[in-house]
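I have placed the structure first, in the form of structure tokens, so that the comments after it can refer back to it.
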Amino acid sequence: MENNRIIQVSNLHKSFGDKTVINGVDLELFAGENLVVLGKSGTGKSVIMKCIVRLMQPDAGTIHVFGTDVLKAGEKELNRIRTRIGYLFQEGALYDSMSVRENLKFPAKRNAHLRRLSNKELDEIIERNLESVGLIDAIDKWPSELSGGMKKRAGLARSLMLSPEMIIYDEPTTGLDPYTSDAINDLIIKIREEYKTAAVIITHDIKCARRTSDRMVILNDGKIIANGKFEELRAAPDEQVKLFFI
Amino acid sequence: MERKSPLDLNLEQFFFDIAGIATFTFRYIGSLFRNRFEGREFISQCYRTGYQSLLLIGITAIILGLVLTIQIRPILAGLGAEAWLPNMIFISVVTEMGPVIFALLFAGKVGSGIGAELSSMRVTEQIDAMEVSATNPFNYLVVTRVSATTIMLPILVFFGDMLAFFGSFIGLRAYSEISFKLFYSRAFSEFYFSDMFPATIKTIFFGFFIGIIASYMGYYSGRGTEGVGKAANAAVVASSLVIFLIDLVAVQLTDILTF
Ligand SMILES: Nc1ncnc2c1ncn2[C@@H]1O[C@H](COP(=O)(O)OP(=O)(O)OP(=O)(O)O)[C@@H](O)[C@H]1O
Ligand SMILES: [Mg+2]
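Line order of the protein sequences matches chains H and P. Going by our numbering, the letters in the first sequence line up with residues 1046 to 1291, in that order. Going by our numbering, the letters in the second sequence line up with residues 22 to 280, in that order.
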């Protein structure tokens, strides 16, 4: 397998009951790239990502992440891969029994290479990450005191704690006003520069796709129907693809 | 694995849950020995479970002692056996009523709380977030809660027993001039602390299974906010049922072992 290929998904299938959601998806992510997966709501974008980190078990297909077969990996190996991936959940998924600071501390305290750090060093990393996402003022707030956009920022800061090599953004701008969405888009670009991470951004927000993507794929009816740069796809003659750009 | 719907009258679901709860139990035991124990979360859960149910169990216990005394006293007085009252109350509360009643209250208060909490963490993807950051949510969330209920329930039951005893004294005091000292010595006249042993073992099992069942219902709850209510509900219904089942088994065992 090529070295610069971070994710390789082949022929992925997943059904719930008799409802087929993913029907033969191939997907690749290369080092340093921001890949956007565009698709309508409910087409199974989150399902693909959850299969990649094995929160869900696909029915068929293979998934390699960092060259390892995720579906065959043992618990230890799987966890090693997971610590190299940052995952930003749709609603941020902050632990609501902990303050923002404790949210960031939680994965760090339970991870071999960060556990050895002193509290002071750890606090410095926490502050640096919160500063990166522009949330340093909320460090001692509780999740219930944060707005939707702030929750996503805090969730992002938390997923940066383990210095991931790639980040999965699950609908980073959904449910946010245009102004906040723009700020999040800028943030995604900034994080890539600052932390040198690759990213998969799943969204149905065409503006977010244009701003953040190096490359883009379109998911429709459980299949990838287009793959290319944003401008190329916008100019594509395919009727089905055109629908996504109206 | 995801639960389909909580404890309906659905035989397939019922056996699915039994298997799930058994798996959960083994996973708990395995995790207890294999993983770093989350001490701080355990202490905080002990505090929470104790604090949540202290007042409830305390008030119920006093009333229990009071009511039993008021009802039984005339009967015993009619038989001229009033002096036996403290002893009788104490034995019936300590060996049978206390553990079951306090465990049921505990299941209602703490069990539903655990079910709802874990289920809302499931629905808002907090458990998934722990999973993908390789932090072992089972160890952090389930092991600590189950350990806390296992340890706290026996302590709470002991506390409840003592208050029921006190309630009984108040009830008797309304009719006679009995001193606390006399009441106390009569209560313990035919009572040996070894009598508390089977009851305590029983409450440890009550506490353990309330924790396991509530955690299981929450951990594998359905998607969406209705899943939270269902999980809390299923946690209480299933653990109440199990309390009576364990009690039934315990009665048989004590019977066999003491003869
Ligand atoms: N655990 C599950 N059990 C049953 N059905 C599921 C499950 N997870 C997802 N689905 C179904 O799979 C389909 C795709 O869900 P998914 O969450 O991946 O959509 P999505 O593309 O991320 O949409 P959105 O933009 O709304 O987040 C939906 O129809 C959903 O009902
Ligand atoms: Mg989604």
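Ideal Cβ placement from N, Cα and C applies to all residues, glycine included.
(1) Drop a sphere of 10 angstroms on the beta-carbon of His1249 of chain H, count the other beta-carbons inside from all chains shown, and report buried for 16 or more, exposed for fewer.
(2) By the 10 Å Cβ neighbour count, where 16 or more other Cβ atoms means buried, how is Lys1165 of chain H classified, buried or exposed?
(3) Could you tell me the alpha carbon to alpha carbon distance between Arg48 of chain P and Val249 of chain P, rounded to whole angstroms?
(4) Report the residue ranges of all alpha helix (DSSP H) runs contained in full by the segment 1073 to 1125 of chain H; include only those spanning at least 4 residues, in chain order.
(5) Within the 7 Å Cβ cut-off, does Thr156 of chain P reach chain H?
(6) Using three-state DSSP, classify Asp1063 of chain H as helix, strand or coil.
(7) Can Pro1209 of chain H and Leu1139 of chain H be called in contact, C-beta distance under 7 Å?
(8) Flag Thr1113 of chain H as yes when its Cβ comes closer than 6 Å to any non-hydrogen atom of ligand 1, and as no otherwise.
(9) Between the segment 180 to 200 of chain P and the segment 110 to 121 of chain P, can you find at least three pairs of beta-carbon atoms closer than 8 Å?
(10) What does the Cβ neighbour count give for Glu1276 of chain H, buried or exposed, with the cut at 16 atoms within 10 Å?
(11) Is Asn1313 of chain H close to chain P? Criterion is C-beta to C-beta, closer than 7 Å.
(12) At a Cβ threshold of 7 Å, is Val153 of chain P touching chain H?
(13) With DSSP as the reference, label Leu1159 of chain H as helix, strand or coil.
(14) Is Ser1091 of chain H near ligand 2, judged by its Cβ being under 6 Å from some heavy atom?
(15) Out of curiosity, what's the CA-to-CA distance linking Thr1257 of chain H and Val1081 of chain H?
(16) Given the structure, does Val153 of chain P come close to ligand 1, in the sense that its CB is under 6 Å from one of the ligand's heavy atoms?
(17) Please identify the residue among H:Leu1175, H:Thr1219, H:Thr1113 and H:Ala1243 whose C-alpha is closest to the C-alpha of Ile1213 of chain H.
(18) Which residues in the same chain as Pro1223 of chain H place their Cβ atom closer than 6 Å to its Cβ, once the five residues preceding and following it in sequence are excluded?
(19) For the beta strand (DSSP E) containing Leu1264 of chain H, name the first residue and the last one.
(20) Let's see if you can read the secondary structure: which residues bound the beta strand (DSSP E) around Asn1272 of chain H?
(21) Which word fits Tyr68 of chain P, buried or exposed, when buried means at least 16 other C-beta atoms lie within 10 angstroms of its C-beta?
(22) Determine the direct distance from the alpha carbon of Ile1171 of chain H to that of Leu89 of chain P, and round the result to whole angstroms.
(23) Quick check: the segment 1152 to 1161 of chain H against the segment 1230 to 1242 of chain H, are there 3 or more CB pairs under 8 Å?
(24) Is DSSP giving Glu1047 of chain H helix, strand or coil here?
(25) Against Glu146 of chain P, what residues of chain H qualify as contacts under a CB-to-CB distance less than 8 Å, listed in chain order?
(26) Report the CB separation of Ile231 of chain P from Ala124 of chain P in whole angstroms; it is logged as a contact under 8 Å.
(27) Can you grab the Cα-Cα spacing for the pair Ile135 of chain P / Ser236 of chain P, in whole Å?
(28) 7 Å is my cut-off, CB to CB: does Asp268 of chain P come that close to chain H?
(29) Please list, in chain order, the chain P residues whose beta carbon lies closer than 8 Å to that of Leu1162 of chain H.
(30) Rounded to whole angstroms, what is the Cα-Cα separation between Met109 of chain P and Phe179 of chain P?
(31) Could you spell out the range, first to last residue, of the alpha helix (DSSP H) harbouring Asp1231 of chain H?
(32) Counting beta carbon pairs with one atom in the segment 139 to 155 of chain P and one in the segment 216 to 231 of chain P, are three or more of them shorter than 8 Å?
(33) If contacts are defined as beta-carbon pairs under 8 Å, then Gln1285 of chain H and Asn1265 of chain H qualify, I think. What distance do you get, rounded to the angstrom?
(34) Write down the C-beta distance between Thr170 of chain P and Gly228 of chain P rounded to the nearest angstrom, noting that I regard them as a contact closer than 8 Å.
(35) Could you say which of H:Leu1191, H:Ile1184, H:Gly1193 and H:Glu1073 lies nearest to Arg1050 of chain H if we only look at CA atoms?
On the basis of the coordinates in this document:
(1) Walking along the first sequence from the start, residue 1249 of chain H turns up at place 204. A buried status is given to His1249 of chain H, since no fewer than 16 other beta-carbon atoms sit within 10 Å of its beta-carbon.
(2) Counting from 1 along the first sequence, the entry for residue 1165 of chain H is found at position 120. Lys1165 of chain H comes out exposed.
(3) On the second sequence, residue 48 of chain P is found 27 positions in, with the first residue counted as 1. On the second sequence, residue 249 of chain P is found 228 positions in, with the first residue counted as 1. Cα to Cα, Arg48 of chain P sits roughly 23 Å from Val249 of chain P.
(4) Taking only runs of at least 4 residues, the alpha helix (DSSP H) segments lying wholly in the segment 1073 to 1125 of chain H are 1090 to 1097.
(5) As a working mapping, residue 156 of chain P is identified with position 135 in the second sequence. Yes, contact with chain H.
(6) What you label residue 1063 of chain H is simply residue 18 of the first sequence in a count that begins at 1. If DSSP states are grouped into helix, strand and coil, Asp1063 of chain H belongs with coil.
(7) Here residue 1209 of chain H is taken as the residue at index 164 of the first sequence, counted from 1. Here residue 1139 of chain H is taken as the residue at index 94 of the first sequence, counted from 1. Annotated as distal: Pro1209 of chain H and Leu1139 of chain H, with beta-carbon spacing of 7 Å or more.
(8) Working through the first sequence from its first residue, we reach residue 1113 of chain H at position 68. False, no ligand heavy atom lies under 6 Å from that Cβ.
(9) The answer is yes - the segment 180 to 200 of chain P touches the segment 110 to 121 of chain P, with three or more Cβ pairs under 8 Å.
(10) Along the first sequence, one-based indexing puts residue 1276 of chain H at 231. The residue in question, Glu1276 of chain H, is exposed, as its Cβ has fewer than 16 Cβ neighbours within 10 Å.
(11) One cannot answer for residue 1313 of chain H here, as it falls past the ends of chain H, which runs 1046 to 1291.
(12) In the second sequence, counting from the first residue as 1, residue 153 of chain P sits at position 132. Using beta-carbon distances, Val153 of chain P counts as an interface residue toward chain H, with a partner under 7 Å.
(13) Position 114 of the first sequence, counted from the start, is the residue given in the question as residue 1159 of chain H. Helix, per DSSP.
(14) Looking up residue 1091 of chain H in the first sequence gives position 46. Correct: Ser1091 of chain H has its Cβ closer than 6 Å to ligand 2.
(15) Taking the first sequence and counting its residues from 1, the one referred to as residue 1257 of chain H is at position 212. Taking the first sequence and counting its residues from 1, the one referred to as residue 1081 of chain H is at position 36. Using only the alpha carbons, I get a separation of about 8 Å.
(16) In the second sequence, residue 153 of chain P corresponds to position 132, counting from 1. Answer for Val153 of chain P: no, Cβ out of range of ligand 1.
(17) Within the first sequence, residue 1213 of chain H is the residue found at index 168, counting from 1. Ile1213 of chain H has its Cα closest to that of H:Ala1243, out of H:Leu1175, H:Thr1219, H:Thr1113 and H:Ala1243.
(18) Taking the first residue of the first sequence as position 1, residue 1223 of chain H is located at position 178. None.
(19) What you label residue 1264 of chain H is simply residue 219 of the first sequence in a count that begins at 1. It spans Arg1260 to Asn1265 - the beta strand (DSSP E) in which Leu1264 of chain H sits, taken as one unbroken run.
(20) On the first sequence, position 227 is the one that residue 1272 of chain H refers to. Lys1268 to Gly1273 is the span of the beta strand (DSSP E), which, as asked, contains Asn1272 of chain H.
(21) Locating residue 68 of chain P in the second sequence gives position 47, counting from the first residue. By the neighbour-count rule (16 or more Cβ atoms within 10 Å), Tyr68 of chain P is not buried but exposed.
(22) The sequence position of residue 89 of chain P within the second sequence is 68, counting from 1. The sequence position of residue 1171 of chain H within the first sequence is 126, counting from 1. If you draw a straight line from the Cα of Leu89 of chain P to the Cα of Ile1171 of chain H, it comes to about 58 Å.
(23) Verdict: no, contact absent.
(24) Locating residue 1047 of chain H in the first sequence gives position 2, counting from the first residue. In this prediction, Glu1047 of chain H has a pLDDT of 49, which is less than 50 and means its spatial position is unreliable; nothing more can be read from the coordinates.
(25) For the purposes of this step, residue 146 of chain P is identified with residue 125 of the second sequence, where counting begins at 1. What Glu146 of chain P touches in chain H: Phe1134, Gln1135, Glu1136 and Ala1138.
(26) Locating residue 231 of chain P in the second sequence gives position 210, where the first residue counts as 1. Locating residue 124 of chain P in the second sequence gives position 103, where the first residue counts as 1. The Cβ separation is near 7 Å, so the contact holds.
(27) For the purposes of this step, residue 135 of chain P is taken as the residue at position 114 of the second sequence. For the purposes of this step, residue 236 of chain P is taken as the residue at position 215 of the second sequence. For Ile135 of chain P and Ser236 of chain P, the gap between their C-alpha atoms comes out near 6 Å.
(28) Counting from one through the second sequence, the residue named residue 268 of chain P turns up at place 247. Not closer than 7 Å to any Cβ of chain H, the Cβ of Asp268 of chain P fails to qualify, so no.
(29) As a position in the first sequence, residue 1162 of chain H is number 117, starting the count at 1. None at all; the shortest Cβ gap to chain P is about 16 Å.
(30) Here the question's residue 109 of chain P lines up with position 88 in the second sequence. Here the question's residue 179 of chain P lines up with position 158 in the second sequence. One C-alpha to the other measures close to 17 Å.
(31) Sequence index remark: in the first sequence, residue 1231 of chain H carries index 186 (1-based). Note, Asp1231 of chain H: alpha helix (DSSP H), Pro1223 to Tyr1240.
(32) No, the segment 216 to 231 of chain P is not in contact with the segment 139 to 155 of chain P.
(33) Reading the first sequence from its first residue, position 240 is the one you call residue 1285 of chain H. Reading the first sequence from its first residue, position 220 is the one you call residue 1265 of chain H. Contact flag correct, Cβ pair sits at about 6 Å.
(34) The count along the second sequence starts at 1 and reaches residue 170 of chain P at position 149. The count along the second sequence starts at 1 and reaches residue 228 of chain P at position 207. Approximately 5 Å separates the beta-carbon atoms of Thr170 of chain P and Gly228 of chain P; this is inside 8 Å, confirming the contact.
(35) Working through the first sequence from its first residue, we reach residue 1050 of chain H at position 5. For the residues H:Leu1191, H:Ile1184, H:Gly1193 and H:Glu1073, the minimum Cα distance to Arg1050 of chain H belongs to H:Glu1073.
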